[in-house]
Each structure stands twice: as structure tokens, then as C-alpha cells.
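Just add 9 to the spot in the sequence shown (first one is 1) and you have this note's numbering. Working notes, structure below.
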Amino acid sequence: MTYDFRPAAAILTGGGARRMGGRQKALLDVGGRTILDRQLDVLCELADPVFIVGAEAAAWNERGLTAVADEIPGCGTLGGIYTAIVRSPRARTIVVGCDMPYLSGALLRHMIDMDADVVIPRSRHGLEPLCAIYARACADAIRERLDRGELEATAMPEGVRVKEIAAAALGTFGPDDLLFANVNTPHDYERVRTIVETSSNALQDRIMDDR
């Protein structure tokens with residue numbers, strides 16, 4: 010199957026953010042703006058619709074975003090990916106974590122142009138399942154894994170076409186520390202804020218806004 014039309018995008022906000030004291034990570038301030046608003050700047054240029062996988066919140070409503078609950082509660086990241094796929098109105102869905110302030114428009118555009126059921130970057134830390142594109146064809150294989158209690162999000166679905174973007178190729182779009190920076194702990198948050206302070210504006214703009 011060839012995919013040649015605009016995908017949807019899902020922002021996963023699930024989890025209690027216990028290591029962040031229960032604070033909603035999507036609403037943390039990075040460089041004077043919330044992570045969510047920084048993500049929407051990128052995703053709304055590439056995808057339609059953009060929606061939330063997680064609990065309802067006023068912040069989503071204020072931005073015109075629909076929230077959908079997990080299809081199978083308690084299944085972590087892989088469960089959120091499955092929900093994004095089956096609740097998406099499109100054949101392909103960009104899936105991102107809510108705590109990634111430096112989504113790259115150029116990288117995501119490159120991924121959209123690749124013809125596969127899963128398009129996923131492999132950074133120097135490994136596969137990045139929360140900055141990936143999944144086709145509806147992945148749903149059954151992921152559901153089978155969830156039913157077996159196999160919740161590893163970096164294990165690719167069986168029987169579908171997977172294309173990886175190698176770590177060496179990612180350098181075109183920016184360094185890992187920006188492309189896949191996320192916020193799981195207060196230490197991560199301080200690190201991301203330090204990146205803002207120490208990275209040049211030109212580099213940040215290239216990563217987020219390069220068209």
C-alpha cells in the first residue's frame with residue numbers, strides 16, 4: 010500500500026508523571042512557551058487532525074484539541090500508541106510524547122514521505138517509538154502483543170513494513186540532545202531548559218521550523 014495523504018497526529022499524555030510531582034508535562038514552560046504549544050506549531054503544519062491520547066483537561070479544550078481515553082488502560086506507552094492508531098481518522102498517524110519540546114518539522118516531513126507501515130528514527134539511544142509514524146495496518150499486531158502482556162514499545166509489530174531512519178542520517182536534522190529531548194524527571198526538565206539557554210537560536214529554529 011502507498012500512503013500519499015496527510016496523516017493525523019496524536020500527542021500521548023498518559024501516565025501520572027509521578028517523577029514530576031504530578032505536573033502535566035505538556036504544560037511545562039520551555040523557552041517561554043509550553044511544550045504543548047511548541048509541539049502544535051510543528052504538528053499543525055503537517056497533520057490533521059491533531060488529538061490527545063489521555064485524560065480530558067481544560068488545556069486541551071482551550072486549544073481546540075479532542076482527547077481520547079486509552080482503549081486498554083494500564084498498558085503504558087504501547088497502549089497509548091495502539092489507542093492513537095485505532096482512534097485516528099487517518100490511515101497513518103504521527104505519534105509523539107507530550108514531553109518533547111523540540112519536535113523537528115523537517116524530520117517529521119521526511120518521515121511522512123517514506124512509504125512504510127512504521128517509520129521510526131533510531132537515535133544513538135535506540136529506537137524512538139514516541140517520535141514515529143504508524144499505519145492502521147499495525148493495529149492488529151499491536152493488539153495481540155497487548156493481549157499477551159508484551160508492552161515493550163520499541164519492539165516493532167510483526168508482519169508490517171518498517172523503515173528505520175539510522176542515527177547517522179539524523180544528523181541532517183539536528184543533534185539527538187535536541188531532536189529527542191524529553192522531560193521525565195526534574196533533572197530532565199533542567200537539562201532541557203539548559204539546552205534552550207546554551208543552543209543557538211539558529212539551531213533551534215532549524216530543528217523546529219525548517220521547511
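Ideal Cβ positions, reconstructed from N, Cα and C, are used throughout, including at glycine.
Suppose the cutoff is 7 Å on Cβ atoms and the five residues either side in sequence are ignored; what does the same chain contact list for residue i look like?
{"i": "G135", "result": "T163"}
Answer with buried or exposed for residue i, where buried requires no fewer than 16 other C-beta atoms within 10 angstroms of its C-beta.
{"i": "K172", "result": "exposed"}
{"i": "R220", "result": "Caution applies to R220, whose pLDDT of 42 falls short of 50 and renders its modelled position unreliable; the value that the coordinates give is listed next. With fewer than 16 Cβ atoms within 10 Å of its Cβ, R220 is classed as exposed."}
{"i": "R154", "result": "buried"}
{"i": "G183", "result": "buried"}
{"i": "N70", "result": "exposed"}
{"i": "G41", "result": "exposed"}
Can you give me the start and stop residues for the alpha helix (DSSP H) that residue i sits inside?
{"i": "P16", "result": "From DSSP, P16 is part of no alpha helix (DSSP H); its letter is neither H nor E."}
{"i": "G88", "result": "85-96"}
{"i": "I44", "result": "44-55"}
{"i": "E173", "result": "Where E173 is concerned, there is no enclosing alpha helix (DSSP H), although the beta strand (DSSP E) it sits in stretches over 171-174."}
Starting from residue i and walking both ways along the beta strand (DSSP E), at which residues does that stretch end?
{"i": "Y111", "result": "No beta strand (DSSP E) holds Y111; DSSP gives it neither H nor E."}
{"i": "R72", "result": "Here R72 belongs to no beta strand (DSSP E), and DSSP marks it neither H nor E."}
{"i": "R157", "result": "No beta strand (DSSP E) contains R157, which DSSP labels as neither H nor E."}
Check whether the Cβ atoms of residue i and residue j lie closer than 7 Å to each other.
{"i": "G63", "j": "G23", "result": "yes"}
{"i": "A19", "j": "F60", "result": "yes"}
{"i": "C84", "j": "L179", "result": "no"}
{"i": "V201", "j": "V51", "result": "no"}
{"i": "D126", "j": "A146", "result": "yes"}
{"i": "I151", "j": "P138", "result": "no"}
{"i": "A3", "j": "R118", "result": "With the chain covering 10 to 220 only, the question about residue 3 has no answer from this structure."}
Who are the Cβ neighbours of residue i in its own chain at under 6 Å, not counting the five residues just before and after it?
{"i": "Q48", "result": "L112"}
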